[in-house]
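Heads up, the thing below is written out as C-alpha cells.
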Amino acid sequence: MIYRFLPLRFYIHLLIDVLFASKKFLAFQPLIAMKLSGVSDTVKTNGEAAIPSSSVNPVAQPGVSSGDVNPIPSGLVKPVAQTDVSSGDAIPMKSKDVTAEAKNSIKPNGKTGASSGLKLGVRGRASVSSVDKGKAIVSENVGKVITFKDITFGPHEDEVRFRLIHFWEAWNVQTKVLIGIEMLLIDEEESVIQGFIPYGRIDTYLRHMKTGATYRLNKFFGSKSKTIYRVAESSVTICFSSNSVLSGLEDSSISFPVDRFRIHGHKEFEAGSDLRGDLYDYIGHIKLVNGKVPGDGLLLDESEIAKSRRVELHVQTHDDPVLKLYLWDKVAFEFCEKFKVSGGTARVILVTTLNPKWFGGVLSISSMASSRVFLDGDVQETLLYLSWLDSNLDVASRVNAEVVTKPELATLGDLFSYMNQASAKVAWFECTATIYDVVNGSIWYYIGCGVCHTKATKGPTTLMCKKCGKSEIVGVPQYLSKLSVYDHSDQAVFVVLGDAGEELTGKKAAELVERYYEANDSVGEDHIVPVPQAMIDTIGQTRKFIVKVSTHNLTAKTQTLTVTKVLPLEAPEPEGNVGVNVGKEGDSVSEDHADKLVKRGADGIESEGVKRAKCG
C-alpha cells in the first residue's frame with residue numbers, strides 16, 4: 248500500500264487538522280441552536296442577550312416602560328401593529344430602539360391632542376428587521392398630503408391635515424347603543440367633511456381630541472356619507488380604521504379656518520321640512536324665550552327646563568316669517584348658560600345643524616346632537632347680524648308679527664289621540680266646536696293682579712301679587728270659565744281664560760262683575776257671582792278655538808283643554824298672538840299662570856269663593 252511509504256510527519260499533521268476541525272464545529276453549536284429557535288442572527292450576543300419572542304412588547308404597547316418613557320395605562324393608546332402581529336410573531340428589537348422611538352411618539356397621559364408630537368395608532372417603529380418588513384409602519388413612511396376634495400370612496404394611504412371643529416356621540420336611536428364618535432373637520436382650503444370613529448376605537452383617540460385643535464391623519468377609509476341628517480356637503484366620510492395614525496400638527500405655518508356655517512332662511516327650511524335631509528344652520532334675532540321677551544334681568548326657570556329638556560324660542564331673520572326654534576338636551580343647557588351670562592339680554596342667536604319640521608301646524612326647527620349655539624358676540628356671523636339689528640331697530644321692536652303662527656287643524660278626537668302619544672309635547676291647535684253648556688256650579692272668573700293678571704292673594708287688609716312682589720295691588724276680575732263643547736264625534740271641556748273670554752262674549756269680565764254688584768247692592772263681598780247672561784248666550788254657537796295642549800294634559804292629570812283665543816265668527820285665520828303675550832304689558836294672561844289656573848280649576852281645588860274686587 249502507498250500509505251506506508253508516507254512520512255510520519257504527514258500523519259501527525261493530518262491528526263492535528265482533524266482535532267482542530269472538531270473544536271471549530273463545537274464552537275458553532277450555540278449559533279445553530281439560536282437559528283433553530285427562530286431568533287434572528289442579527290441580534291448581538293455579546294452583553295446584549297437575545298430577546299425571546301414571548302417577552303417582546305410592541306412599541307407603545309401598554310406596559311412598556313423605560314427610563315425615558317412614561318407608562319401608559321391600558322386602553323389609552325392602541326398597541327402598535329396589534330392587528331398585524333400575532334402574539335407569537337413579535338419583532339425582536341433592541342431595548343434602546345424601543346426607548347428612543349417611544350420617547351418621540353408618545354406623550355405622557357393627560358396631554359391633549361393638540362400637544363406637539365402626539366401620535367396615536369399604528370405608528371412609531373424606528374427599526375425593524377428585513378425579515379419582518381410590513382408588520383408595522385415606519386415613522387418616516389407617511390403618505391402624500393391630500394385635501395378633503397381629493398378623498399374618494401375606499402382605503403387611503405395618504406395624509407390629511409385639518410382643524411377639529413366639533414365632535415359628538417353617535418347613538419343608535421332604536422337600540423340606544425353608542426356606535427361611535429362623529430366629527431366635523433375643516434381643511435386649509437375651507438372644505439368641510441364629516442369624520443367618524445367607530446365605537447371600538449373611541450378609547451384610543453377621544454381623550455386626545457380637543458375642539459379647535461389641528462391634526463394630521465395618516466391611513467383612513469373613505470366611506471360613503473349617510474343620506475339622512477348630513478352635516479357636511481361631501482359624499483364621503485373620513486372613517487378611522489385599524490391602521491389609522493392621528494398626530495398633533497406641529498406646522499404652525501398652515502392656516503386653517505376656525506369654522507364654516509351653512510346658513511338657511513325660512514324659505515329653505517320650509518322647502519326641506521320633514522325630509523330628513525341635510526342639516527343646515529340658522530341665524531336670526533330672538534323674539535321670545537319660553538314665551539318671555541328678552542330683557543334686563545330675565546331669568547329662565549332652569550328646573551322646568553331640566554324637566555322638559557328643552558327651550559322654546561321664537562326667532563326671525565330680517566323680515567322673514569317668525570320660526571319656532573326648539574333647543575333640546577345639551578344644546579338647551581348650553582343656551583341657558585350663555586343666556587344667563589348675557590343677563591337675559593341676548594338678542595342674536597346662531598344654531599347649527601337644525602332639523603326643520605311641521606309641528607302643531609307651525610314650521611319649527613329643532614336642534615340635533617351635532618348642534619352648537621352662539622349668541623351676540625360669540626362669532627363673526629353673530630356680530631355682523633347684531634350690527635344689522637342695531638341699524639334696523641324697527642324690525643326688532645315689531646309686535647304684531649312676532650309669533651304669527653297657524654296652528655294645525657284638529658278635531659276633538661285628534662286632540663285626545665295626540666295627548667296619548669308618548670312623543671307628544673306642548674302645542675297649539677285650531678279646533679271647531681259647538682258650545683252646548685256652560686258648566687254650572689263652577690267659578691267663572693278670578694281676581695287677578697291689574698298689572699300681570701296673576702291670581703291675587705289675600706293679605707291681612709289688601710290684595711297682594713306674588714309675581715310682582717307687591718303687597719298692595721288693584722284686583723281686576725279675569726275670565727276663568729268652563730264650557731262643555733262637542734263636534735261631530737266627541738265632546739270635551741274647555742276652560743276659557745282672560746282675553747279669550749272677552750273674545751267669546753264681547754264683554755270684559757270686570758264689566759260684568761261690576762254690573763252684578765250694582766244691581767245687587769245688598770249682597771256681601773263673599774257672595775259668589777252667578778254665570779252672566781252674556782256667557783249663557785254663547786250656548787249653541789259653533790266657534791273656532793285656539794286650544795293649548797298643556798303639560799297637565801300630557802301627564803294624564805286632566806283632559807280639560809285651555810282656550811287661549813276665540814276667533815271671530817267670520818275670521819279666516821288667527822292673527823297675532825297664539826296664547827303668548829307679545830302686546831303691551833298686561834294685555835293677556837301669561838301662559839304659565841294660565842296653565843296653573845286651568846289645572847286648579849279642572850282638579851276642583853279652586854276652593855276660595857270669588858269676591859268683589861278690592862282696590863288697595
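Residue numbers (the working numbering): 248 to 863. Yeah, the Cβ is synthetic: ideal placement off N, Cα and C, and Gly gets one too.
Simplified DSSP state of residue i, which is helix, strand or coil
i: residue 475; result: coil
i: residue 287; result: For residue 287, the predicted structure reports a pLDDT of 39, less than 50, and the residue's modelled location is therefore unreliable. The matter cannot be settled from this model.
i: residue 405; result: strand
i: residue 668; result: coil
i: residue 732; result: strand
i: residue 470; result: strand
i: residue 804; result: coil
i: residue 426; result: strand
i: residue 456; result: coil
i: residue 679; result: strand
i: residue 656; result: strand
i: residue 700; result: coil
i: residue 416; result: strand
i: residue 773; result: coil
i: residue 394; result: coil
i: residue 509; result: coil
i: residue 814; result: coil
i: residue 786; result: coil
i: residue 768; result: coil
i: residue 450; result: helix
i: residue 673; result: coil
i: residue 685; result: strand
Rounded C-alpha distance that separates residue i from residue j
i: residue 582; j: residue 620; result: 7 Å
i: residue 704; j: residue 712; result: 6 Å
i: residue 811; j: residue 634; result: 36 Å
i: residue 305; j: residue 455; result: Bear in mind that a pLDDT of 35 at residue 305, under 50, signals an unreliable position, so the model cannot answer this.
i: residue 423; j: residue 632; result: 39 Å
i: residue 627; j: residue 656; result: 41 Å
i: residue 692; j: residue 779; result: 10 Å
i: residue 815; j: residue 729; result: 19 Å
i: residue 554; j: residue 809; result: 22 Å
i: residue 605; j: residue 679; result: 21 Å
i: residue 630; j: residue 464; result: 34 Å
i: residue 662; j: residue 732; result: 13 Å
i: residue 429; j: residue 440; result: 11 Å
i: residue 431; j: residue 522; result: 22 Å
i: residue 543; j: residue 587; result: 11 Å
i: residue 415; j: residue 450; result: 14 Å
i: residue 546; j: residue 614; result: 22 Å
i: residue 396; j: residue 413; result: 20 Å
i: residue 734; j: residue 786; result: 14 Å
i: residue 797; j: residue 669; result: 14 Å
i: residue 750; j: residue 509; result: 44 Å
i: residue 782; j: residue 515; result: 46 Å
i: residue 578; j: residue 448; result: 26 Å
i: residue 694; j: residue 716; result: 16 Å
i: residue 520; j: residue 602; result: 8 Å
Element boundaries [beta strand (DSSP E), containing residue i]
i: residue 610; result: 609-614
i: residue 440; result: 439-445
i: residue 622; result: 620-622
i: residue 789; result: 789-796
i: residue 484; result: 483-486
Cβ of residue i within 8 Å of any chain D Cβ
i: residue 808; result: Among the protein chains of the structure shown there is no chain D, as only one such chain exists.
Residue interval of the alpha helix (DSSP H) (run including residue i)
i: residue 514; result: 513-518
i: residue 494; result: No alpha helix (DSSP H) holds residue 494; the beta strand (DSSP E) holding it covers 492-495.
i: residue 783; result: 780-783
i: residue 399; result: Premise fails: residue 399 is in no alpha helix (DSSP H) and is neither H nor E.
i: residue 629; result: 627-638
task = State whether the stretch 428-443 contacts the stretch 407-415, with contact taken as three or more CB pairs (one from each stretch) at a distance under 8 Å.
result = Yes, the stretch 428-443 touches the stretch 407-415.
inquiry  = Quick test of the definition: if touching needs 3 or more C-beta pairs under 8 Å, does the stretch 571-587 touch the stretch 545-561?
reply    = Segments in contact, yes.
TODO: Flag this pair as touching only if the stretch 736-751 and the stretch 761-779 have three or more C-beta atom pairs under 8 Å; answer yes or no.
DONE: Counting Cβ pairs under 8 Å, fewer than three are found: no touch.
request  = Say whether the stretch 586-603 touches the stretch 529-540, bearing in mind that this needs 3 or more beta-carbon pairs closer than 8 Å, one atom from each stretch.
outcome  = The stretch 586-603 makes contact with the stretch 529-540; the number of CB pairs closer than 8 Å reaches 3 or more.
Whole beta strand (DSSP E) elements within the stretch 521-604, 3-residue minimum | Here the runs fully enclosed are 527-536, 557-563, 570-575.
So within the stretch 706-763, which uninterrupted beta strand (DSSP E) runs reach at least 3 residues, ignoring any that extend past its ends? Within the stretch 706-763, the runs of beta strand (DSSP E) at least 3 residues long that lie entirely inside it are, in chain order, 722-733, 738-744.
Check: Taking three-plus beta-carbon pairs below 8 Å as touching, is the stretch 490-497 in contact with the stretch 460-478?
Finding: Yes, they touch.
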